[in-house]
Structures are given as C-alpha cells and as structure tokens.
Amino acid sequence: MPLSQSFRPLVTMLGITLLLAALPARAHGALCVGDCNDDGEVTVEELVYGVNLALGSGGALRLCRPLDANGDHLVTVEELVRAVNVALATCPASIEVYRAPAGEAVAGPQSSASGVLPNGRRVEPMGEQVPIDTFPLNLALTPDEAHVIVTNDGFGNDNFQRNLQVIETASRTVSRVPVPHYLGLALSPDGEQVFVPNGTLNTVQRLRFEHGELQPPEVVATLADGTFPTGLTVSHDGRYLYVVGLRSNALWTVDLQTGETMHGPDFGNFPYSVKLAADGQHAFVTSWGLNNGNPSGLIPAPLPPFDPNGFSRSSVIVVDLSNPTQPRLQKSIPIGRSAHIDNRTVFGGSHPTAMTLSPDGALLYVTATNLDSLAVIDTATFTLATELQLNRFDSGGASLGLQGLYPDAVTVSADGRRIYVADAGINAVQVIAADPAARTFQSLGFIPTGWYPSALALTHDGTRLYVANAKGVGVGGNGAELIDISDENLGATPYYIGRIIKGSVSIIDGVDHVDLDAGTATVRALNGFDPVTVQRVDGHAGDGDLEHGHPLPPDFGSSASQQIKHVVFILKENRTYDQVFGDLDLPGASRDSRLTLFGDDVTPNHHALARQFATGDNFYCDAEVSIPGHEWTDQGNDTDWTEKTWPFNYNGGGISDAMAQTGQEGFSKAGYIFELMDREQVPFRVYGEAFALLSRLEAGKNGGGVQGLFSKLVQAAGSVSNLAANAGLIFAGDVAALSAAGINVDILKNEVWPNFKLDYPSNILPDKTDVQRARLFIDELDQYTTSGELPQFLFIWLPNDHTFGATPNMPTPRAAVADNDRGLGMVIDALSHSPFWNDMAIFISEDDAQDAQDHVSAHRTIDLAIGPYIKHGFLSHVHHSNVSMLKTMELLLGVGPQSQYDRYTTDMRDYFTTTPDFTPYTALSSAVAAEVNPSAVDAGNAYLREAAEVSSGLNLSDYDEAGPELSRVLWLAHVGERFEREKHLAVMLTLAFVTLLILGGAAMQRKRSMVSGL
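Residue numbers (this note's numbering): 4 to 1017.
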C-alpha cells in the first residue's frame, strides 16, 4: 500500500529524528529541503511524499527535487531527517539564485576592452588589446619574439578573404596578407618560413617572413583530393613538414628540399593538431572527432557507427617518425573514455584538441575540450598519466560535472612549473601549478580574457602572455548605417554577422605575477558564477525579492511548477527584432522601423501575440547561424567543433554539410534537451526538429555505441544501402515514400523515434507550408484532447520564415513569412482553445538572427511568451537569450541543468504573473497573398531581376545554405516588391482618377443634354 495512505513510516521517521543528533536545516540561502511547492514550509504531505520516494514508490523526484539535498537523484534517510527538521522549524527567509551579470544592458562592445555578450555574460580582458580580423584560431611567436603571427579563420572580410596578420610586439602595429587558409599554422625553426594549409584546394602554402613582413604565399605541396589539410608542424631540422588531413584521416610528409609529398598512415577521426616529440622521432596527433571525415562515415564499418569509444576516436595518435618518409602508426591513446552522465555514455566524444610539451619533453598536455579536462600523457610509455578536471566553480547544488569551460589552447612556462590553459567557454585563462617530476597539478586561478580565447603564446622568460580572442569583445548593431538602403546594389551585405565579429589579441605583461585571486573573482563575476541572494516575500515581489507561489520555480533543484504542467517551445528561423518588430508600437520598445521587412502587414499574428501576451526588446540568439543556433536552443551550448567549423563551412570551405550538421562532434556532453527529458522521464513530443532525430539515433538508449538504435534503423530499412538511399525521406517526413521504398515505418515510429511525429517534415521544403505543418500538429492535438492526456513538453519547428529567397516559382519572401505567421497563429489558437490551456506556457523564438539587420545587436531577435500565467501586454527590458528560454522551460518542468550556460543564465521570471488570465487567442488572417517569385526574365523591375539572378545560384532547399547572399536577396526582394506595390498603387490611382474624369465628363454631358432639352 502506498505510504501516502499510511502515516506509520512518517512516525518512524519522526522517531529517528528524536534519536539522532539534530541535523541543521540547510544553510542560509539554499533551497528549503523538502519544500516541494516552494511555499516556505514543509508539510506532512510533503514528508510523506519524500518517504515514498525514498522507498522507490509514489512519484517522480522532479516533482519534489528539494528533497534531494545533494543532487544525487536519490532521497536518503539523512535528507528525510533534514526535511523533518525543517518542518519542525522554518524555511530560510532568503534563497541564492544565479543570474547573468548583464541586467538590462544590451549586447555589444562597451569599449575596446569590455563588452556584453549575447548570453548576458561580460568580458573585460586583462592587458592591452590589439584588434584584428575575424576568428583567430592560431598564433605563433617568432623566435626573436619581435612579432606574433595570427591566423584569421572566420567567415572572412567583405571580399570573403581570410588573412594572416603580423603584430609587431614593440609598437603593436598590425599588418595583413590575404591568404586562403583554415585551421593550421607552423613556423620553421629559424622563423623565416610560415606554413598554412588551404583545405579547400588540398594544398600547403609557404610565406617567407622577411624583415618583419610576410611575402606572398606560394604552394609547396599539393595533396590528394579530399585531404583537407589542417594541423601541421616542421621537423626540428627544418627539412620535413608533417601535415594531417581533417577529412582523409591521414598524416602526410612533405620534403621541403625536394618538394616530394608522401602519404603516411591512416588513423583517427578528424585529426586536428600535430605536435613533434622532443626527440623528433615521434609525432602526436589529436583525433578531434568520432566519424571518419566523409559523409559516408556517418555509417562506417565496422558497426556500431556511433560508439564514442571506438579505436582512435577521441584519442591522441602516436606516429613513429624514425623514417620521416615512411611514418608508421604506433599507438592510439584514448582520452576521456570513462565519461558518463547519469550512468549513460557521453556520445559527443571528448574532443582532444590543443597540445604542448613540458620543457623536458617528458609530458604531453592535451586539452579535452568536450570534457573540461586536461589530459597528461607520459611520452616515454605513451600512456595516460592523469586527467586534471578544470572546473573549479561551485554550481550551487548542481553537479560539478556541468560542462562549459571548453579548454582549447595550452602552453607551458620554460621551467615547466606553470601551465596556462585557455578556457574558451568562460572567457578566461586558467593558471595551473605543475610539479612534473611528482606528476602533481593544482589550479591557481584565472585571468579574464576576451570572448572565446582560442590560442596562446608565452615568451621564453614567462613574463608576457599573448591570447587570441576569437570574438574580441562582442558585436553590436548592424543597422542602417552599414548599408544604403536606397542604393540599387544594396551593398555586398557588409552587415552579415559572420563578417562583423572581429577578434583581438590580448598582451598581458607580468603574467607570472598576476594577482590570481583578484583575477578569479573577476572571472566569477563576469560569468555570473556568484549567487545572488533574494528574499522570499508574500504578494508582489520587488527587485531582489522572490514571490511565494510564483509559477516559475526559483532555481534548479526546485520542484516542477505547481501551476504550469505543459510547456510548448516553437522554434523559427533567422529573423532579427527590427526586421519583424521594428514597427511594433509598444511603449518603451527599442526599435528601428527602417530595418523592418516583415512588419504588421506581413506578420499580424506575431504582432497581436506580442500585444496580448509578453515579449522582450533585449532578447538575443546565442549563436550566429543555424547550425550552432539549433545546438544552443536545443542543448544550451555548442561544442568547439561547431564554433570552429561553421565560419569556414558557411563560406564555401569544403567541410561537408553532412559532417557539420549531423556528426556527433556537435553534441555536447549532456546531449540535447530530448535526452534530458528522456533521462528525467518527462513525456515529450517533437514536431520537425532534425536534431531530435539525430540525437535520438546517436544517443540511443544508453548514449550510443552498442546500445544505440542504429541496428534497429537498419532492421527497418532491410539494409544499410537502402537506408542510405532513402534517409532524405525521413527528414522530408514522407512516410508514404518510405513505405514504398520497403522501409518498415512502424519500427521507425515505435522503436527508433517514438517521441517524434514522423510525417512532420524536418527540413525546409517549398511544397510544405507552415500552415500544413500547423494542421499536422492540430490533428494530433485533437487526438490528445480526445484522450485527455498531452505530453508535458512539445517542440514544434515552424521554419518557413527562413524564406526561399527570390528563387523563381517558389514563395516570395513576404509570402513565406506570412505563411509562417498564419501557421503560428493557427497553433496558438488551437492550443489556447484546448483543455490543456489553463496550465500551459508557450515560448517562441528564432534559432539565429543572421539574415537581417538590427540597430541594437546583430544577435538580437524576437521572443514571445504566451499563456495564462504570462503577463499580458508586457515588454521586458531584461537581457535574455535562447538559453534563458531553455532554462525557464527546464525550471518549469523540474529538469536540468544541462551545462554551465543554462545553470548561470538569467531566467525569464519577469514575464510571469501569479494572477492568471485564461483568455485564449484567436488567430488573425493575413492580407498577403500566396505569391511566387518571378523569373529574372519576368521580373517587373531591376531589384526583383537581380534578386532572381542571385537566388538562382543559391541552394535554398535547406537552412543556411545561402550564407550572406540570402540577406542581400531579402533586401532586393523587399525593395523590388515595394516598388511593384507602389507601381501598382500608382496605376490604380491613375485608373481611379481617369475613371473619375470619365464619370465626371459623362455627368457634365448629361447635364448639358438636360439643359439643352429644356
């Protein structure tokens, strides 16, 4: 019999309380142990619920997470005793919560040495800041330390070019040479030659470095097609160049005297960097990823394809160079193979990336970026000596294993006693004291840097540190001042977000004597790692107060919301705030209507929802483009793989889309929100998110590998070849075609993707409108209404505001966005008139804001919060982002966190009210016709003609295939369509005027006739 029907165990627990030494209630500021509903007291019913949980019956822990004081997902006798003590005493009057430090500050640079990031964190890099071009990933100090050479590995400048830059260390002056390259930099021992790879052309280039200047590049090696060279290094005698191929998974030797190239051993998965041993007889290569570098590698042999622990995956590869012309694979050293979360395998891999040797060459230090750790390898035995966990920050009751530091660069002092690690995720360099002989290591503290530190160099005397910051101090607006809207060419999209995020190099003098306690305190504050104490109050909560009975639980570790039981997340594509809401006349809104392309006339439902419910004018996308955007919205972070590959891939770089979008390398340690819901046993349903399909497949039932679902997928298809031939039909949601291809759809629906509506498209398709998507969802909602049960979490993708550009015979941009608006209105109308409305909250946002402009920030986007417990007619000015929305949904459902990003961001508490308004929403119709784009020949004006011509060369069948050109097309189409409407209006006015003249003339004629007849 459930204990909720018997108080005997409770009496027993009270007896235990009297017999044991009284244990104090949780410390001031913590969650109140046992207070399930956050009303400030622990009741008998809550204690009974806790006893039931302790005995494994009677409910779900997430419905009373405060019982689990230590966050181990169990309720122990000690925790029950603490809850009883609280029941006999009282809950603390205050609680500690975590918020990003931005407050109401807008995103963007505040000065050359400070900025506010889209996620609400701040950067204040130490030292002198030298601005440079986009996304530096490598820097090298010349042997005389007079110059620093930096690679720009981002999207490129206005001419799509990437540069090598040279910083003169004395004067801080910067020069640049255009060089097509990506992800690799090496200097000859004498510093007179600089080598960089060109992955697109499979070549290696050499630039002479003479008198402080780089000379034009020359090709010194052409490698086999598909190699995609990246990491490289020069032999100690300067004769040989060793190069790894990111896609070919091989090492090449280039004889710099003869020009001969020699193909070495095949190994690894996405080899990233290469480092020579001290004796030059061996090379170490970091195997960055899990797949084999080609699209077909997503289904490699032997099976299983998604096991992160396969040979050479997430490893350091040892190559024997005793004969430089015939390198030989010697060993694979696994990194982070034991990593688990909630007893499940980590399926994104450990991402070994940067390496450096101790001065004596005895130890190799390797950053395991996806695990927030530093691996230490014994170079004599080629074994893993130890792994140092780098996360030093208390997560306020959450697991210390939360991912988010992302160490991605490392260097060591000449005496070997100090190791410097760039923690890209928290914008800091971590300083570690090392005793190499004793193999002991201790973190000493942190130094604040710019946004996403990506490379390090230390002077020989150890007093000056150079830090490359991939994103500088952030990016502000990309508004009307960047483009002449009346210019018939409309510029070359200089406002595209990939082009305007510039990097920097921090020069930190006296780094060996930096006050690390102060630096650590600064890093804590800039990242929001210090808790904020708020007071519990009854009634209206002011600043710094926490209202009892608020619909949004106060923090992770709280129970699920008492008022809101159903959470709906609707994700859309690529719009900024000004592009849609620049004309939204909410009092106090920060907007620029000059940048509005899809205003109230195109998106009446968006505007009506913003007026009826809640929105914000200080809400940002965490990502720049869609691939990292879906990772940020779905998993609360993105990996170093995604951050480093998207700029090159979006600029036609040559890393295949299949790898960039579907590889496990983009999956973080904890997986996606879908895996989180599965772990926490929250019923959920997904409509159209491809990342849900992929993460479910690759995570499987237990983190991938042999427990994965790939075998079930092959069983459904009958063979691997049939699966590969028809995989696109899965993303298209074409169930009929899948059946016709001999694929067992029932296995897909019931065993592989039981939480996914398979006939709901997961791709942007011109013949699938968002109105059709809405109808598919509403049909299933009707079934849930009949059954009386709706999954607690719904994920709905409505992507057609992405548009199809001006591609002939496809929907015009206005028509595509209007279709998206109609579909959204239909979904909200249906949900708000359903029986589940009274305990529902709906959240809507975009995955990124790349295809538009905004006067505040290139990251700023629209957001909507909808529901009875959402304030009506509310405009928030608090700094929020996609991860804030994710955190809010997690808190409502009593799950999470997934990483340090959602742990420490600001939730959307200000959007909610304790006084519900159950008024539903009624969808509005649209005045925009379902028009299609004309061909270039049929275009009515030069703007539409150019838009059609540009679109004809773009791939608009999937998101983000068009890059910055789509932004230009949207402006051309906007101006062209406006011109046509004005022309049409002028014609209509002229016709009306002529008609009036004719009618007036006829009237005068009749009058004359009548007069003459008198």
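A virtual CB, placed ideally from N, CA and C, is assigned to each residue, including glycine.
- In the three-state scheme derived from DSSP, where H, G and I count as helix and E and B as strand, LYS874 is classed as coil.
- Nearest to ILE865 by alpha-carbon distance, out of HIS610, ALA440 and THR386, is HIS610.
- By the CB criterion at 8 angstroms, VAL470 and THR452 fall inside the cutoff.
- Beta-bridge analysis with DSSP links LYS575 to GLU849.
- For the set GLY465, ILE336, ILE746 and LEU144, the Cα lying nearest the Cα of ARG421 is the one of GLY465.
- Annotation: GLU783 to ASP737 spans about 17 angstroms, alpha carbon to alpha carbon.
- Nearest Cα to GLN565 within the set ASN753, THR176, TYR872 and GLN853: TYR872.
- Cα atoms of GLY130 and VAL434: separation of roughly 16 angstroms, rounded to the nearest angstrom.
- ALA951 carries a helical assignment under DSSP once its states are collapsed to helix, strand and coil.
- A straight line joining the alpha-carbon of PHE385 with that of SER376 spans about 19 angstroms.
- Cβ contact annotation for LEU741 (same chain, cutoff 6 angstroms, sequence separation greater than five): LEU732 and VAL748, in chain order.
- Taking one beta carbon from each stretch, the segment 165-179 and the segment 134-154 have 3 or more pairs nearer than 8 angstroms; the two touch.
- Nearest to GLU646 by C-alpha distance, out of ASP411, THR261 and ALA281, is ASP411.
- When only Cα atoms are considered, ASN122 and ASP851 end up about 13 angstroms apart.
- By the Cβ rule, the segment 950-958 does not count as touching the segment 831-843, because fewer than three pairs are nearer than 8 angstroms.
- Runs of the beta strand (DSSP E) lying entirely within the segment 206-250, each at least 3 residues long, are 206-213, 221-225, 232-237 and 243-248 in chain order.
- Secondary structure at THR618: strand, using DSSP grouped into helix, strand and coil.
- Going by DSSP, VAL526 is part of the alpha helix (DSSP H) stretching over 519-530.
- A distance of 8 angstroms or more separates the beta carbons of PRO232 and VAL197.
- When beta bridges are read from the DSSP output, PHE915 appears opposite ILE873.
- If only uninterrupted beta strand (DSSP E) runs of at least 3 residues are considered, those enclosed by the segment 820-864 are 843-849.
- Counting along the chain, ASP773 sits inside the alpha helix (DSSP H) bounded by residues 773-790.
- For PHE198, the enclosing beta strand (DSSP E) stretches over residues 196-201.
- Under DSSP, SER114 forms a beta bridge with SER117.
- Counted as a single uninterrupted DSSP element, the alpha helix (DSSP H) harbouring ILE630 occupies residues 629-638.
- A contact between stretches requires three or more CB pairs, one per stretch, nearer than 8 angstroms, and the segment 771-783 meets this requirement with the segment 826-837.
- Put simply, the segment 544-554 touches the segment 911-918. At least three CB pairs are less than 8 angstroms apart.
- Counting only runs that start and end inside the segment 576-611, the alpha helix (DSSP H) elements of at least 4 residues fall at 580-584.
- For VAL413, the enclosing beta strand (DSSP E) covers residues 410-415.
- For VAL288, the uninterrupted beta strand (DSSP E) run begins and ends at 285-290, by DSSP.
- Runs of beta strand (DSSP E) with 3 or more residues, each lying fully within the segment 115-198, are found at 117-119, 131-134, 139-144, 150-155, 166-171 and 177-181, listed in chain order.
- For a cut-off of 8 angstroms, the C-beta gap from GLU48 to GLY37 is around 11 angstroms, too long to register as a contact.
- In this chain, the beta strand (DSSP E) harbouring TYR423 covers 421-426.
- Ranked by how close their Cα comes to the Cα of GLU195, the residues PRO183, ASP581, MET892 and ARG209 have ARG209 in first place.
- Taking one beta carbon from each stretch, the segment 937-944 and the segment 879-899 have fewer than 3 pairs nearer than 8 angstroms; the two do not touch.
- Here the segment 97-116 makes no contact with the segment 599-619; the two share fewer than three CB pairs at distances below 8 angstroms.
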